[in-house]
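This report refers to the structure that appears directly beneath it.
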Amino acid sequence: MKTIKAVQTNHPAENAVQVWDLKNRIGQTAVIHGSVSRIRKMRGFAFVLLRSGGQMVQCVYSPSEAQFSLDALTEECCIRATVDVRKEERSRSGFDLVLLNVKVLSSPEEHSPVVISQRTVDTSLETLLNYRPITLRNQREAAIFKIQEALADGMRRFLKAHHFTEIHTPKIVAEGAEGGANIFHLDYFGREACLAQSPQFYKQMMVGVFERVFEIGPVFRAEKHDTSRHLNEYTGVDFEMGFIDSFRDLMEMETGMLREAMAAVKEQCPDAVSLLGVRIPEIEEIPCIKFREAKNMVHGEKTQSDCMDFSPEEEKQLCRLIQKKTGSEFVFVTHYPSAKRPFYAMDDPEHPEETLSFDLLFRGMEITTGGQRIHSYQEQLEKMLRRNMNPEHFQSYLMIHRYGMPPHGGLGLGLERLTSRLLEQDNVRRASLFPRDIHRLTP
1 MKTIKAVQTN
11 HPAENAVQVW
21 DLKNRIGQTA
31 VIHGSVSRIR
41 KMRGFAFVLL
51 RSGGQMVQCV
61 YSPSEAQFSL
71 DALTEECCIR
81 ATVDVRKEER
91 SRSGFDLVLL
101 NVKVLSSPEE
111 HSPVVISQRT
121 VDTSLETLLN
131 YRPITLRNQR
141 EAAIFKIQEA
151 LADGMRRFLK
161 AHHFTEIHTP
171 KIVAEGAEGG
181 ANIFHLDYFG
191 REACLAQSPQ
201 FYKQMMVGVF
211 ERVFEIGPVF
221 RAEKHDTSRH
231 LNEYTGVDFE
241 MGFIDSFRDL
251 MEMETGMLRE
261 AMAAVKEQCP
271 DAVSLLGVRI
281 PEIEEIPCIK
291 FREAKNMVHG
301 EKTQSDCMDF
311 SPEEEKQLCR
321 LIQKKTGSEF
331 VFVTHYPSAK
341 RPFYAMDDPE
351 HPEETLSFDL
361 LFRGMEITTG
371 GQRIHSYQEQ
381 LEKMLRRNMN
391 PEHFQSYLMI
401 HRYGMPPHGG
411 LGLGLERLTS
421 RLLEQDNVRR
431 ASLFPRDIHR
441 LTP
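UniProt numbering applies: residue 1 is where the sequence shown begins, and numbers increase by one.
This is how it looks when you write it as structure tokens:
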């Protein structure tokens, strides 16, 4: 029989100490790796700021101790460095890193076209996004996505703790979940297909399997909006749950999910929170108001230009009024008009022109849409026919209704919008790693 040799793991790169473990190496010599973010020359010594493991660490260069010339280093060169980890109580980390020797692993061909070594990237949004692979190396820009990671982790942790099963649904589909013109069409081996507007149909199908399901994944909308609040691809946080008594069960579940998400941000990335000056809201109970009442609150007796939805300015005004009245920066708006909601939204039996649905607004912007779904086959079929829809196009979806479904509902939350409002940004693109809008397909 052929002998299988063990894989050797003594490669020098694997002997490097990760930055989070340096506090355990005080009084020792260690090897670290990273990219040089900035070199600050002082009288007789220099500080070398190293980006390593997603963190920034400061090293001290002293000609009397270093066995290399500082001229060997340039910004954005990648190095492996031997350092002395010395206790230093005046340092925030509790230690200093004194450079002893360096091996340059790679050097940039050109200087960065954007200055990223300062506290902020002082440039236009367009330039920031054009050079996104580079500008994300800035500590503040990267911190946005550590916070976004914590938000997603907190929501996932909450949902799994409440017995939701994580699923992964198709993004190439035969029909859009919401219909209309905002669908990206594509040729699928000679058949017409489209990119998923939502995992809506599939998460409803999976309620019949697992009862409670969720997905965090991409959503595509072919909307020709060129605003500070719209993306053509975004990350949706969707959940669906069965055997509900009311759509209010969904609102209660989302309240708990957001409470856990905010706790995760505090717990997992306090440095990013401090760096960006994030105001994390305390979520107790989220106030709730019906759509018509909300319109009246904003306008009083004035004529309302759009009685089917809110304008961006109306959302901002409503949030200001609710915060002043209740102290909450969140508000649920319920009972949207049936004509405005998708065909699968359940109408209110007492007021059929309204739906058992809701939006969640946060700091002046809608971040969530949800509600109770139709679970009866006949009711769903009748509503589709009233809307002049062809049921033949939705046979795989209608299958769940035909063969039995419990009362159920769910919601979809935009992760970028939640992040952007939490950080109080002026444009949702700042909370998207590589945003896709009507102008931008690269990088």
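Note that beta-carbon positions come from the ideal geometry of N, C-alpha and C, so glycine has one too.
Taking 8 Å as the cut-off, the beta carbon of Cys-269 is found closer than this to the beta carbon of Ala-150. Rounded to the nearest whole angstrom, the C-alpha separation of Gln-67 and His-111 is 26 Å. When the five nearest sequence neighbours on each side are left out, the beta carbons in the same chain lying within less than 8 Å of the beta carbon of Arg-132 are those of Leu-433, Phe-434, Pro-443, in order along the chain.
Boundaries for Glu-141: no beta strand (DSSP E) harbours it, while the alpha helix (DSSP H) harbouring it runs 139 to 161, taken from the DSSP string. Contact between the region 112 to 120 and the region 81 to 88 is absent, with fewer than three C-beta pairs closer than 8 Å. Counting only runs of 4+ residues, the alpha helix (DSSP H) found wholly inside the region 273 to 356 occupies 291 to 299, 312 to 326, in chain order.
Taking every protein chain shown into account, the CB of Ala-143 has 16 or more other CB atoms within 10 angstroms, so this residue is buried. Going by beta carbons, Ile-39 and Glu-75 fall inside the 8 Å limit. Here the C-alpha atom of Ser-420 lies approximately 23 Å from the C-alpha atom of Glu-252. In this structure, DSSP gives Thr-368 an extended state, which the three-state scheme calls strand.
A Cβ-Cβ distance of about 6 Å is found for the pair Val-219 and Ser-198, placing them in contact under the 8 Å criterion. A check of alpha carbon separations from Glu-141 across Leu-99, Met-205, Asn-24, Thr-123 identifies Thr-123 as the nearest. Ala-196 is not bridged by DSSP to any residue.
Counting C-beta atoms within 10 angstroms of its own C-beta, Lys-295 has 16 or more neighbours from the protein chains shown and is therefore classed as buried.
In the structure shown, the three-state DSSP call for Pro-133 is helix. Using a 10 angstroms sphere on the CB of Pro-342, the tally of other CB atoms reaches 16 or more, which defines it as buried. If you draw a 10 Å sphere on the C-beta of Cys-59, you find 16 or more other C-beta atoms in it, and that means buried. Linking Gly-94 to Lys-23 through their CA atoms gives a straight-line distance of about 7 Å. From the listed residues Pro-287, His-299, Gln-372, Glu-350, the smallest Cα separation to Val-331 is found for Pro-287.
The beta carbon of Thr-120 is closer than 8 Å to those of Asn-138, Arg-140 in its chain, skipping five residues each way along the sequence. Distance from Gln-317 to Val-298 at the Cβ level is roughly 5 Å; contact confirmed, criterion being Cβ atoms closer than 8 Å. With a cutoff of 8 Å on beta-carbon distance, Glu-260 and Arg-157 are scored as near each other. The beta carbon of Met-42 sits closer than 8 Å to none of the beta carbons in its chain outside the five residues before and after it. Here Gly-409 really is in contact with Ile-244; their C-beta atoms are around 6 Å apart, less than 8 Å. Per the Cβ contact rule, the region 273 to 284 is not in contact with the region 398 to 407 (fewer than 3 Cβ pairs under 8 Å). Pairing Asp-426 with Glu-223, the inter-Cα distance amounts to about 20 Å.
C-alpha of Leu-97 to C-alpha of His-185: approximately 55 Å in a straight line. If you ignore the 5 residues before and after Thr-368, its C-beta comes within less than 6 Å of the C-beta of Leu-360, Leu-411, Leu-413, all in its own chain and listed in chain order. With fewer than 16 other beta carbons inside 10 angstroms of its own, Asn-390 counts as exposed. Note on geometry: alpha-carbon atoms of Thr-29 and Gly-53 lie some 19 Å from one another.
With respect to Val-17, Val-31 sits close: the two C-beta atoms are nearer than 8 Å. Rounded to the nearest whole angstrom, the C-alpha separation of Ser-328 and Arg-25 is 46 Å.
Linking Asp-21 to Ala-152 through their CA atoms gives a straight-line distance of about 26 Å.
Beta-bridge annotation (DSSP): Gln-55 is paired with Ser-52. Between Met-346 and the set Leu-321, Glu-293, Phe-247, the nearest pair of CA atoms involves Phe-247.
One Cα belongs to Gly-34, the other to Gln-55, and the distance between them is close to 9 Å.
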